[in-house]
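So the structure is just underneath, and the comments pick up after that.
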Amino acid sequence: TSAAAAAACIFCRIIKGEIPSFKLFENDKVLAFLDIQPLSRGHALVIPKTHAEKLHQVPDAELAELLPVAKKIAIAVGAENYNILQNNGRIAHQEVDHVHVHMIPKPNAAEGLG
Ligand code: 5GP
Ligand code: ZN
């Protein structure tokens, strides 16, 4: 969690507005935005604004801010079926080394990948 790691971090750059994103929610601690390669329509990412690679490195007070935002998004998009996913480490399929919670709406079978 050095300053250099944060400067190179793609999600820190999104927070700073250096890389564009479709923002869904933002406050002083948390940002939520659409995933650039969505697994379904509405696939969102919720991240703490302070850089940390993995969940166990995030202070409890910041960690506690993430799920309520995922909940707001679930309500806002009317998702009745969805997965909340959070990967830590390469072997566990983490590709971006800035903690993020996936909020992945599950489309109805009739909607296909939505
Ligand atoms: P991970 O595999 O680390 O849990 O998930 C990383 C997610 O970040 C992937 O779903 C990927 O599509 C998304 N992602 C990677 N780079 C960007 C980006 O520049 N913008 C946005 N909006 N999403 C990104
Ligand atoms: Zn970062």
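Start counting the sequence shown at 2; every next residue gets the next number (UniProt numbering).
Ideal placement from N, C-alpha and C gives every residue a C-beta, glycine not left out.
Please read these numbers as outputs of a predicted model, since none were measured by experiment.
- When the Cα atoms are used, K55 and V78 turn out to be separated by approximately 27 Å.
- Using a Cβ distance threshold of 8 Å, L25 and F34 count as a contacting pair.
- Set against 7 Å, the gap from the CB of Q58 to the closest heavy atom of ligand 1 is not smaller.
- Counted as a single uninterrupted DSSP element, the alpha helix (DSSP H) harbouring E63 occupies residues 61 to 64.
- Shown in chain order are the residues whose CB sits closer than 6 Å to a heavy atom of ligand 2: A7, C10, F12, C13, H52, H99.
- Bounds of the beta strand (DSSP E) holding I85 are 83 to 86.
- Exclusion of I85 from the 7 Å shell around ligand 1 follows from its C-beta lying no nearer than that to any non-hydrogen atom of the ligand.
- If you ignore the 5 residues before and after K73, its C-beta comes within less than 7 Å of the C-beta of F26, all in its own chain and listed in chain order.
- Within the same chain, and ignoring the five residues on either side of T51 in sequence, the residues whose Cβ sits closer than 7 Å to its Cβ are E63.
- In the displayed model, L40 falls within coil according to three-state DSSP, outside both helix and strand.
- Between I15 and L68, the alpha-carbon positions lie close to 20 Å from each other.
- For L46, the enclosing beta strand (DSSP E) starts and ends at 45 to 49.
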